[in-house]
Amino acid sequence: MSDIAMNPQTGTMTVPDVHHDEHGHHHHESFVTKYIFSQDHKMISKQFLITGMMWAIIGGLFSVFFRMQLGYPDQTFPWMEDILGRWAEGGRIKAEFYYALVTMHGTVLVFFVLTAGLSGTFSNLLIPLQVGARDMASPMLNMLSYWFFFLAGIVMLSSLFVQTGPFSGGWTAYPPLSAVGEMSQGSKTGADLWIVSMALFVVSSLLGGLNYIATVLNMRTKGMTMTRLPLTIWAFFFTAVLGVLSFPVLFSGFILLLFDRNLGTSFYLSEIYVQATQSALPNEGGSAILYQHLFWFLGHPEVYIILLPAMGMASEIISVNSRKPIFGYMAMIGSLFAIAILAFLVWAHHMFVTGLNPFLGSVFVLLTLLIAVPSAIKVFNWLTTLWRGNIRFTPGMLFAIGFVSLFISGGLTGIFLGNSALDIHLHDTYFVIAHFHIVMGVASFFGMFAGVYHWFPKMYGRYMNNTLGYIHFWGTLICAYLIFWPMHYEGLAGMPRRYYDYSQWQSFKQFGGLNEFITIFAIISFALQLLFVFNFFFSIFKGRKLTTPNPWNANTLEWTTPINAGHGNWPGDIPEVYRWAYDYGKDGVDHIPQTQPVGANESHH
Amino acid sequence: MTESKRIHPHKFTLWVAMASIVMMFAGLTSAYIVKRGQTNWQGFDLPLIFTYSTMVIIASSITMQLAIKKFKDRQMLQYRWLLVITALLGVVFMVMQFTGFNILNQRGIKLIGRGSNVSGSFLAVIAGMHMLHVLGGIIALAVMLGKAFSTRNRTYTAVPVEVLGTYWHFVDGLWIYLFIFLKWIS
Ligand code: HEM
Ligand SMILES: [Cu+2]
């Protein structure tokens, strides 16, 4: 089986390597090569998923802690001191640690969970399976991609245990907080570890992205033309392109940051007086705004890196479970493409209030609002696919529909923010928090859940428990809206984000009750996610077993592999493909797999 | 038959990786342009040694190309020597770049540390990051040489050499771009 690793060319052909596969399956797989340093994309995908889940629990727990502070600013909780020690002396989170928690929550969820955990899991699982390849273009790089991610996680985790605490300057790591050690406790070792961890993470993303692109373009099975690819693959493909082109720019921003931190340069620093040490810094001529440009040139594509995989999976799952072809397949690809292009042209909408030239700002307003067009096309197509479908409400399907709902709600508030005049009022308020949590955070989580419920049978040969799935879905949906909807009002009323204690302000005191309400539902929502985690691990060992390789009667190639397929995916030849992935209910036939040749008197799609 | 026309996945991966590297330098050079337009920018002339180092790296590209050709002709002795020369030229290039930094420092243009100006720091970062990419190429050349000298492994496929060659030319071209950029912009 080592041929797969050595000779990636095999994936593109059906003939060679076949006799090799027929006898000896994966010979001599030790525990280490099978479960730890595995080069099988399916195992790497599970590694990404489970690591991502661990991070989701950690990152989610952080938010529970800081929500306790926001919901009950005047109370103390001794149990928090038991867990957090001196960071929550007397049962109340210290201000410094509050900022560290917010920062870590953002970093972990955005990068470790919704980037690595989402795209890492499903690109790895589905790209080779759905394009018809035995593995990735380079299984070795793929394995390295996971281990760089793992290492990034270890470094980030270690920053929680250093004396001065983890980085606390926000997930965007703007200088000077990120560039000058004396600025705050979190700007010291914590910031160094944050940057190192993120650099490792960038390497991981690049290695992964390279592979995804190479595999989609080079390793498709016979007959799998680009326009026969399932929309999942198109989404992962554009995600990878966005990552490969935008992460290096973030990297360049980090390099300049490292120079400023450690080598006394002044890229981002100018005329700074540090309160804590009562001293002026010698740096002159730098500009903190420069960092913001470099950061948001990644930062905005990054939000689409998080969203596109969810879009792709929702498209696939909605079509399969409506038993209807996806509506507007080409329009779906076109809109993905448009979003990918526009993602590079709108970064300055995060910088409307940085003193950006208003005329330049208006260009960015226009480009930003243009994103609404492809977004609306996608929403329209999902709804039309659902329309008069023969809908099966599996948990996966419910989460996919929930994704659409959340994307609509959160996209609408994006249109508010995209207008620079409105943004002057809304910037850095809870309105922004509400916007991006709904449209990116929760929506992409829903896409991920949809994917997990839907492809769990492929990953583990068993089903997840449906009842727990339904509780998980409805509970999470209700909590998500109850948590984030009220934040729009707080934001419109001018309540800023990232404050430690709002009860100190006359104008925000009125939201005390609302903040408590939000905290309660945040805790319930966290508990519901633990239910999901339980369901996941329980089902791996005790879930109902699959009896058929194609449980959802889907058309795509992954379901033509055996249950619990080995390394190489197909025991015999890689199947050939004759049609697109969405022949559901065609000519009165429930579904026609992609591997079935087109019949003589079949109608055209 | 049709497969042979397809680009080898490793070569393709390299092309995507190169696009990615280009983006990193695009980030740095755009930052340079943005900063140049702001106050407190002290321009300076590039020392002549950077012109010479450019010639050296161009020469190394030529030897690299010859090495690939010799490999394909199975003239392994020349192939090995050309790899050695290419790697040495790479080392010379790096030494020259470093000398360039020192010359600037002697002229009183501090690149890093207290009293440094952003324009000099940018040169350090941009040329420094480029040097790291050259270093990566030199290491790859060393690995390739190790393989060429080992008697146990006999490789007939030109793909690894070609991949390395493409990368080497890329790093060369990248420097030419950066050189023109640095010379022309400042
Ligand atoms: C019609 C579409 C959208 C528009 C017009 C839009 C517009 C905006 C604008 C103008 C901001 C900056 C607000 C401020 O800081 O003052 C913003 C913030 C944000 N948006 Fe969107 N957005 C849209 C869709 C999305 C999507 C689809 C995602 C993610 C998948 C997303 C994720 C974010 C994030 C993460 C932030 C805040 C980052 C931060 O400051 O911490 N947005 N959006
Ligand atoms: Cu944005």
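Here the protein sequences come in this chain order: E and L. For reference, each letter of the first sequence is one residue, going 0 to 604 in numbering that gives the first Met the number 0. For reference, each letter of the second sequence is one residue, going 0 to 185 in numbering that gives the first Met the number 0. Here a beta-carbon is modelled for each residue, glycine too, at the ideal position from N, C-alpha and C.
Taking just the CA atoms, how far does residue 42 of chain L sit from residue 36 of chain L? 11 Å
Does the beta-carbon distance from residue 364 of chain E to residue 349 of chain E come in below 9 Å? no
Is it true that the CB of residue 52 of chain L sits closer than 9 Å to the CB of residue 91 of chain L? yes
Three-state secondary structure assigned by DSSP to residue 85 of chain E: helix
What runs of the alpha helix (DSSP H), each 4 residues or longer, lie entirely inside the region 41-76 of chain L? 48-71
Outcome for residue 606 of chain E when other beta-carbon atoms lying within 10 angstroms are tallied against a minimum of 16: What is shown of chain E runs 0 to 604, which leaves residue 606 of chain E out entirely.
For residue 578 of chain E, the three-state DSSP class (helix, strand or coil): coil
Using a Cβ cut-off of 9 Å (strictly closer), state whether residue 37 of chain L contacts chain E. yes
Starting from the beta carbon of residue 173 of chain L, find every residue of chain E whose beta carbon is closer than 8 Å, and list them in chain order. Chain E residues near residue 173 of chain L: none, gap ~13 Å exceeds 8 Å.
For residue 49 of chain L, which residues of its own chain have a beta-carbon under 6 Å away from its beta-carbon, when the five flanking residues on both sides are left out? 99
Sequence-distant residues of its chain with Cβ nearer than 6 Å to residue 22 of chain E (five each side left out): For residue 22 of chain E, the predicted model reports a pLDDT of 38, less than 50, meaning its position is unreliable; a value from the coordinates is still stated below. Excluding residues within five positions, none has a Cβ falling inside 6 Å.
Which first and last residues belong to the alpha helix (DSSP H) in which residue 588 of chain E is found? From DSSP, residue 588 of chain E is part of no alpha helix (DSSP H) but of the beta strand (DSSP E) over 588-590.
One or two residues paired with residue 273 of chain E in a DSSP bridge: E:278
Chain-ordered neighbours of residue 228 of chain E on chain L, where CB pairs are closer than 8 Å: Correct list: empty, because the minimum Cβ distance to chain L is about 17 Å.
Taking 9 Å as the threshold (beta carbon to beta carbon), is residue 602 of chain E in contact with chain L? no
Taking Cβ-Cβ distances shorter than 9 Å, what residues in chain L pair up with residue 218 of chain E? 8
Should residue 501 of chain E and residue 511 of chain E be called a contact, given that it needs their Cβ atoms to be closer than 9 Å? yes
Answer with buried or exposed for residue 632 of chain E, where buried requires no fewer than 16 other C-beta atoms within 10 angstroms of its C-beta. Summary: the structure shown does not reach residue 632 of chain E, with chain E confined to residues 0 through 604, and so no result is reported for it.
Ignore the nearest five residues each way along the sequence and tell me which others in residue 605 of chain E's own chain have a CB closer than 6 Å to its CB. Here chain E has residues from 0 to 604 only, and residue 605 of chain E is not among them.
Short of 6 Å in beta carbon distance, which residues of its chain neighbour residue 165 of chain E, apart from the five on each side in sequence? Order them along the chain. 99, 103, 158, 159, 189
Could you check what DSSP says for residue 229 of chain E in three-state terms: helix, strand or coil? coil
First and last residue of the uninterrupted beta strand (DSSP E) at residue 34 of chain E: No beta strand (DSSP E) holds residue 34 of chain E; DSSP gives it neither H nor E.
Whole angstroms is fine: what's the gap from residue 337 of chain E's alpha carbon to residue 25 of chain L's? 22 Å
Taking only beta-carbon positions, decide if residue 50 of chain L is within less than 9 Å of chain E. no
Given that a residue counts as buried once 16 or more other Cβ atoms are within 10 Å of its Cβ, and exposed if not, what is residue 389 of chain E? exposed
Give the DSSP bridge partners of residue 518 of chain E, in chain order. Residue 518 of chain E is not bridged to any residue.
According to DSSP, residue 508 of chain E sits in a beta bridge with which residue or residues? Per DSSP, none; premise fails for residue 508 of chain E.
Determine the direct distance from the alpha carbon of residue 89 of chain E to that of residue 16 of chain L, and round the result to whole angstroms. 52 Å
Can you grab the Cα-Cα spacing for the pair residue 127 of chain L / residue 134 of chain L, in whole Å? 10 Å
Tell me, please, whether the CB atom of residue 170 of chain L is closer than 9 Å to any CB atom in chain E? no
What residues of chain L sit near residue 204 of chain E, judged by a beta carbon separation below 9 Å? Those within 9 Å of residue 204 of chain E in chain L number zero; the least Cβ separation is about 10 Å.
Exposed or buried, which one is residue 321 of chain E when buried takes at least 16 other CB atoms within 10 Å? buried
Between residue 303 of chain E and ligand 1, is there a pair consisting of the residue's CB and a ligand heavy atom that are separated by less than 8 Å? yes
Under 9 Å, Cβ to Cβ, is there at least one residue of chain E near residue 165 of chain L? no
Give every residue of the same chain whose Cβ lies closer than 8 Å to the Cβ of residue 294 of chain E, excluding the five residues on either side of it in the sequence, and list them in chain order. 171, 172, 173, 249, 252
In chain order, which beta strand (DSSP E) runs of at least 3 residues are fully inside the region 107-184 of chain L? none
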